[in-house]
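For reference, the structure discussed in these notes is given below.
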């Protein structure tokens, strides 16, 4: 196999770098193959949270997702994700894939501490080339930043071009397999650096046509830590404090009702609920703004009618719900525990997990 053309996009807008790789694969061998191996460089192996792939041009629904299995992790070559193609790729044939990769803990805060009125700057290191076990005939990497303010960025290998929020590396031709190089980008990123350290989700199914949901959330600001004391006066003078998180939006099911938002003190009345066509949007406003290193703890609960999530055939019932709600955009959840309370006398209980690692506790 060879990569005849690769267009790679590095999205650095949020605190979770995302990589979209459009790759055209050609079989120049004599035998058909059913697999394509995607490689992750050794230094990024522990930062990969998600790898997905679809055939380019197909509808990107669940049925279009290709089966991916992590094969091995090699200290010198990195991690290998084997992508199962929908059909045998015969000699001389081509196929276009779109591979999506999400990274966590990949940004370095630089400086690590800032005052409440300073801009938040981060460092990101990447390979300007598409890291692959196959030779790549032609490729280009486009980096998208949150703003046009780049403190510095590596300007080799040529050609390199910057236009507002975009930096383009390439095109490069005839890049050998497993080629490694490094570029460093130092740029401004004041988008919310929120991380949920622990989420406990309680789902209780009632006999009387209701499903109650409550989430208890521990969250912290994982951005640059606040240097020096917090000044409420300065914050009121400059409510646009760059890196502080004042609000965020949580999405609930469209049928959610009896919504409440509480913390240890009691009900928090500063939240706002907006009913939309396909969801209910809750604007969460903690009692104080979140600066780097600061934490908050709260509970969010609601009810939904069971007929939308509970299906039956005779006396057999199936509950089908979200594993977690959309807590905030580009959410990072470090630990999630879900407890499901079924009606009394329920038996022969089976659990069908989503297609990623979930441990069922006794």
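In this note's numbering, the protein residues as written are 258 to 619.
Quick reminder that beta carbons are idealized off the backbone N, C-alpha and C, glycines included.
Return helix, strand or coil for residue 490, following the three-state DSSP convention. helix
Nonlocal neighbours in the same chain, by C-beta distance under 7 Å from residue 319, ignoring five residues either side: In this prediction, residue 319 has a pLDDT of 46, which is less than 50 and means its spatial position is unreliable; nothing more can be read from the coordinates.
Give the range of the beta strand (DSSP E) segment to which residue 373 is assigned. Neither: residue 373 is in no beta strand (DSSP E) and is coded neither H nor E.
Rounded Cβ spacing between residue 481 and residue 343 (contact assumed at less than 8 Å): Not confirmed; about 45 Å, so no contact.
Rank 493, 381, 573, 476 by C-alpha distance to the C-alpha of residue 441 and give the top, closest one. 381
So, using beta-carbon positions, are residue 591 and residue 454 closer together than 8 Å? yes
From residue 449 to residue 478, what does the alpha carbon distance come to, in whole angstroms? 8 Å
Contact belief for residue 451 with residue 502 at Cβ below 8 Å, rounded distance in angstroms: 6 Å
Three CB pairs or more closer than 8 Å across the region 521-534 and the region 432-441: no
In the DSSP assignment, what residue or residues form a beta bridge with residue 404? Answer is none; residue 404 lacks a bridge partner.
Around the C-beta of residue 598, are 16 or more other C-beta atoms found within 10 angstroms, so that it is buried, or is it exposed? exposed
May I have the straight-line CA-CA distance separating residue 293 from residue 417, to the nearest angstrom? 29 Å
Are there 16 or more other CB atoms within 10 angstroms of the CB of residue 447, so buried, or fewer, so exposed? buried
Residues sharing a beta bridge with residue 326, DSSP: 339
Alpha carbons only, please: which of 604, 595, 407, 389 is nearest the one belonging to residue 227? Since the first residue shown for the chain is 258 and the last is 619, residue 227 is missing from the structure and cannot be characterised.
Could you tell me the distance, in whole angstroms, from the CA atom of residue 325 to the CA atom of residue 612? 10 Å
Evaluate residue 373 with the Cβ neighbour count: other Cβ atoms within 10 Å of its Cβ, from every protein chain shown; 16 or more gives buried, anything less gives exposed. buried
What whole-angstrom Cβ distance do residue 311 and residue 323 have, given they're in contact under 8 Å? 6 Å
Across which residues does DSSP place residue 398 in a beta bridge pair? 265, 426
Which two residues bound the contiguous beta strand (DSSP E) that contains residue 597? 593-598
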